[in-house]
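Enquirer:
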Amino acid sequence: MDTIWAPKALSSDGPKYKALLDTLQSDIDTGVLVAGDKLPPVRDLAWKLGVTPGTVARAYQEGIKAGTLTAQVGRGTFVSAPRPSQDAEHYMQSAMDDIYPLPVNGQINLRNTNTTNVGQSAALRRAMIKVAETKADQYIYYPDQQYVSDIYQPLCEWMEYAGVYTSPEKLIVTNGGQNAVSLAVATILNTQTGGIAIDALTYPGIRFAVQAQRGQLIGIETDADGIIPDALVRACRAKQIKALFTSANVLNPTTGKMPLERRLQIAEIARKYDLQIVEDDCWGIGANDVPSFSQICPERGWYLSSISKSISSGVRFGYLLCPDAFFDDTKRLMQSYSFGVSRAVVDIVRELFVSGDAAAVRGAVLKLVQKNVQQTVNILGKWDVSWRKDVPFIWLSLPSGWRGSSFAAACERENIIVRAADEFALQNMPVPNGVRIAVNSNLPSQNYSDALAVINELLANPPVSMGS
Numbered sequence: 001m002d003t004i005w006a007p008k009a010l011s012s013d014g015p016k017y018k019a020l021l022d023t024l025q026s027d028i029d030t031g032v033l034v035a036g037d038k039l040p041p042v043r044d045l046a047w048k049l050g051v052t053p054g055t056v057a058r059a060y061q062e063g064i065k066a067g068t069l070t071a072q073v074g075r076g077t078f079v080s081a082p083r084p085s086q087d088a089e090h091y092m093q094s095a096m097d098d099i100y101p102l103p104v105n106g107q108i109n110l111r112n113t114n115t116t117n118v119g120q121s122a123a124l125r126r127a128m129i130k131v132a133e134t135k136a137d138q139y140i141y142y143p144d145q146q147y148v149s150d151i152y153q154p155l156c157e158w159m160e161y162a163g164v165y166t167s168p169e170k171l172i173v174t175n176g177g178q179n180a181v182s183l184a185v186a187t188i189l190n191t192q193t194g195g196i197a198i199d200a201l202t203y204p205g206i207r208f209a210v211q212a213q214r215g216q217l218i219g220i221e222t223d224a225d226g227i228i229p230d231a232l233v234r235a236c237r238a239k240q241i242k243a244l245f246t247s248a249n250v251l252n253p254t255t256g257k258m259p260l261e262r263r264l265q266i267a268e269i270a271r272k273y274d275l276q277i278v279e280d281d282c283w284g285i286g287a288n289d290v291p292s293f294s295q296i297c298p299e300r301g302w303y304l305s306s307i308s309k310s311i312s313s314g315v316r317f318g319y320l321l322c323p324d325a326f327f328d329d330t331k332r333l334m335q336s337y338s339f340g341v342s343r344a345v346v347d348i349v350r351e352l353f354v355s356g357d358a359a360a361v362r363g364a365v366l367k368l369v370q371k372n373v374q375q376t377v378n379i380l381g382k383w384d385v386s387w388r389k390d391v392p393f394i395w396l397s398l399p400s401g402w403r404g405s406s407f408a409a410a411c412e413r414e415n416i417i418v419r420a421a422d423e424f425a426l427q428n429m430p431v432p433n434g435v436r437i438a439v440n441s442n443l444p445s446q447n448y449s450d451a452l453a454v455i456n457e458l459l460a461n462p463p464v465s466m467g468s
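All letters in the sequence shown, in the order written, are residues 1 to 468 by full-length UniProt numbering.
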């Protein structure tokens with residue numbers, strides 16, 4: 001919105017631009033100016049204050065650098081959204097509907113789990129401005145191993161939230177979670193021949209990574225707690241398996257979580273049959289109270305994750321913790337694939353970590369996911385729904401009369417996109433009768449409720465015939 005800002009007389013001490021900047025910050029802190037307020041044009045404000053236009057321009061420029069102000073080409077200078085505190089409740093914007101755009105062409109996408117939008121663009125902007133001001137000259141050159149070392153200690157501290165404890169020299173940063181998955185697959189299959197065992201239902205990206213290395217995929221039967229130990233033993237006896245990939249912390253798409261007792265059983269089987277265990281925790285935005293396989297069996301336990309679900313999927317940053325015996329090979333492969341991760345990305349993420357913005361954003365994301373999950377369960381709770389308050393999707397087991405594919409097609413006719421179970425299953429594995437529904441679609445709350453109401457109506461009215 002526009003505002004007629006009339007600051008009080010500037011202090012006579014020190015540079016005028018600094019006095020103007022201090023006055024501006026004071027008025028923001030006291031609520032005289034709020035996020036979105038438009039500041040007067042440079043010449044107009046200079047005339048009112050009796051200073052040169054250069055003084056006002058300098059103050060505006062310094063405010064933009066600090067993230068207090070935002071310049072929009074052709075529109076002017078505006079007050080930015082406030083810097084987040086460590087309190088997630090404070091960080092979440094009260095009017096989230098202003099953040100979320102209406103669906104394009106009327107289609108509501110509940111298929112893809114987008115990064116939950118809590119207004120973190122302000123934190124990203126601050127980090128980008130700071131690293132550009134201090135390190136832009138370094139981005140002329142290829143990345144090397146030395147530049148990335150500064151992020152490893154903050155990254156170790158970040159990982160402790162997920163119950164993963166390690167040291168900087170054991171980590172490799174990657175271009176997102178999928179890059180980490182592909183890197184782990186390539187390292188294991190590059191040094192050993194054999195198949196890769198995976199959860200019966202799983203994220204399709206692991207399938208693509210294994211197929212790209214011409215590896216054999218072996219689906220393992222699962223239950224609500226994940227991989228069934230006896231099923232894994234049978235597979236190990238029948239086939240040459242070199243590794244197990246699992247999303248033990250957040251089973252995708254069923255939302256389950258592998259308990260400690262089951263993890264200990266799986267670890268013993270892995271030791272007996274000499275399997276690597278790769279744990280994909282890219283969905284883990286909540287705190288984890290169960291040790292990862294990298295803690296239970298560090299000699300064969302891998303752990304990977306990213307910031308895509310907790311902060312930003314556009315800033316491609318992931319990380320991989322691998323056993324000592326594989327570290328050098330994995331690091332060499334990463335270097336040969338892409339010369340490492342962009343210096344700019346590493347510096348931006350490090351700034352988010354050390355400033356506290358990353359933790360604040362994650363807290364706000366988790367809080368909004370909890371709210372959206374509750375909203376979803378309030379509307380669809382009478383059906384067979386699996387959910388967790390820290391997971392940005394639900395698993396809906398369909399009632400009699402519906403199949404996953406037919407229900408997804410019926411939703412699509414209503415301009416609602418969901419993901420059927422067969423997209424998560426291997427061809428040789430049984431497919432449950434269900435769909436996954438994303439709860440962080442970044443829609444206005446009412447639009448999301450309306451979509452859920454349509455889904456609820458479809459569930460209550462299955463077709464007369466299930467068809468072929």
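Don't be surprised by glycine CBs; every beta carbon is placed ideally from N, CA and C. Quantities reported herein were computed from a predicted structural model and do not represent experimental measurements.
Note down the Cα distance separating residue 427 from residue 234, rounded to an integer number of angstroms.
Expert: If I take the Cα positions, the gap works out to 19 Å.
Enquirer: Sort out for me which residues DSSP pairs residue 37 with in a bridge.
Expert: Partner(s): none; residue 37 has no beta bridge.
Enquirer: Is residue 307 helix, strand or coil by DSSP?
Expert: Reduced to three states, the DSSP call for residue 307 is coil.
Enquirer: If you count every other CB in all the chains shown that lies within 10 Å of the CB of residue 75, and 16 or more means buried, which is it?
Expert: Burial call: exposed.
Enquirer: Assuming residue 396 is part of the beta strand (DSSP E), what are its boundary residues?
Expert: Here the beta strand (DSSP E) through residue 396 covers 393–397.
Enquirer: Excluding five sequence neighbours on each side, which residues of the same chain lie with their C-beta closer than 8 Å to the C-beta of residue 114?
Expert: The answer, listed in chain order, is 313, 438, 440, 441 and 442.
Enquirer: Determine the extent of the beta strand (DSSP E) in which residue 370 is found, giving its start and end residues.
Expert: Where residue 370 is concerned, there is no enclosing beta strand (DSSP E), although the alpha helix (DSSP H) it sits in stretches over 357–380.
Enquirer: Looking only at its chain, what residues have a beta carbon closer than 6 Å to the beta carbon of residue 303, apart from the 5 residues adjacent to it on each side?
Expert: Once the five neighbours on either side are set aside, the close Cβ partners of residue 303 are 164, 279, 292, 294 and 321.
Enquirer: Just the Cα atoms here: how many angstroms apart are residue 174 and residue 414?
Expert: Each residue's Cα considered, the two are about 39 Å apart.
Enquirer: Contact defined as beta carbons within less than 8 Å: I believe residue 55 pairs with residue 20. What is the distance between those atoms, to the nearest angstrom?
Expert: That belief holds up - the Cβ atoms of residue 55 and residue 20 are roughly 7 Å apart, short of 8 Å.
Enquirer: Could you check what DSSP says for residue 86 in three-state terms: helix, strand or coil?
Expert: Confidence is the limiting factor: at residue 86 the pLDDT is only 47, short of 50, which leaves the residue's position unreliable, though a coordinate-based value still follows. Three-state result, residue 86: coil.
Enquirer: How is residue 302 classed by DSSP in three states: helix, strand or coil?
Expert: It is a strand residue.
Enquirer: Write down the C-beta distance between residue 226 and residue 246 rounded to the nearest angstrom, noting that I regard them as a contact closer than 8 Å.
Expert: Indeed, because the Cβ distance is near 6 Å, the residues count as touching under 8 Å.
Enquirer: Using the three-state DSSP reduction, which class does residue 403 fall into: helix, strand or coil?
Expert: Here residue 403 sits in coil by DSSP.
Enquirer: Judging by CA-CA distance, which residue of 38, 109 and 66 is the nearest neighbour of residue 436?
Expert: Among 38, 109 and 66, the Cα nearest to that of residue 436 belongs to 109.
Enquirer: Spatial neighbours of residue 531 within its chain, please: C-beta separation below 7 Å, excluding the five flanking residues on both sides.
Expert: This structure cannot speak to residue 531, because the chain is shown only from 1 to 468.
Enquirer: Could you tell me which residues DSSP pairs with residue 316 in its beta bridges?
Expert: DSSP output for residue 316 lists no bridge partner at all.
Enquirer: Ignore the nearest five residues each way along the sequence and tell me which others in residue 58's own chain have a CB closer than 7 Å to its CB.
Expert: Excluding sequence neighbours, residue 58 sits near 17.
Enquirer: So residue 23 and residue 8 are in contact, right, with Cβ under 8 Å, and what is the actual spacing, rounded?
Expert: Residue 23 to residue 8, Cβ: 7 Å. Contact.
Enquirer: Give me the residue from 296, 307, 290 and 238 with the minimum Cα distance to residue 273.
Expert: Among 296, 307, 290 and 238, the Cα nearest to that of residue 273 is on 238.
Enquirer: Would you check if the segment 111–130 and the segment 350–369 touch, i.e. whether three or more CB-CB distances between them fall below 8 Å?
Expert: These segments touch.
Enquirer: Is the beta carbon of residue 221 sitting closer than 7 Å to the one on residue 200?
Expert: Going by C-beta atoms, residue 221 is nearer than 7 Å to residue 200.
Enquirer: Looking at the structure shown, is residue 242 part of a helix, part of a strand, or coil, going by DSSP?
Expert: In the structure shown, residue 242 sits in a strand (DSSP, three-state: E or B).
Enquirer: What did DSSP end up calling residue 119 once you bin it into helix, strand or coil?
Expert: Here residue 119 sits in coil by DSSP.
Enquirer: For the candidate residues 31, 143 and 167, whose alpha-carbon lies nearest to that of residue 480?
Expert: This structure cannot speak to residue 480, because the chain is shown only from 1 to 468.
Enquirer: Looking at the structure shown, is residue 247 part of a helix, part of a strand, or coil, going by DSSP?
Expert: Here residue 247 sits in coil by DSSP.
Enquirer: Rounding to the nearest angstrom, what Cα-Cα distance links residue 319 and residue 331 in this structure?
Expert: Straight-line Cα distance between these residues: approximately 12 Å.
Enquirer: Where does residue 306 land, buried or exposed, given buried means 16+ other C-beta within 10 angstroms?
Expert: Under this definition residue 306 is a buried residue.
Enquirer: Roughly how many whole angstroms lie between the Cα atoms of residue 343 and residue 418?
Expert: Looking at the two C-alpha atoms, the distance is approximately 37 Å.
Enquirer: Distance check for residue 366 and residue 376, CA to CA, integer angstroms please.
Expert: In a straight line, the C-alpha of residue 376 is about 15 Å away from that of residue 366.
Enquirer: Do you know whose CA, among 25, 203 and 282, lies nearest residue 63's CA?
Expert: Ranking 25, 203 and 282 by Cα distance to residue 63 puts 25 first.
Enquirer: Does the distance from the C-beta atom of residue 398 to that of residue 456 stay below 7 Å?
Expert: For residue 398 and residue 456, no; Cβs fall outside 7 Å.
Enquirer: Looking only at its chain, what residues have a beta carbon closer than 7 Å to the beta carbon of residue 338, apart from the 5 residues adjacent to it on each side?
Expert: Cβ neighbours of residue 338 beyond the five flanking positions: 175.
Enquirer: Give me the Cα-Cα distance between residue 43 and residue 10, rounded to the nearest whole angstrom.
Expert: Distance between the alpha carbons of residue 43 and residue 10 is about 16 Å.
Enquirer: Quick one, are the C-beta atoms of residue 421 and residue 434 less than 7 Å apart?
Expert: Closer than 7 Å, so yes.
Enquirer: Given that a residue counts as buried once 16 or more other Cβ atoms are within 10 Å of its Cβ, and exposed if not, what is residue 177?
Expert: Classification for residue 177: buried.
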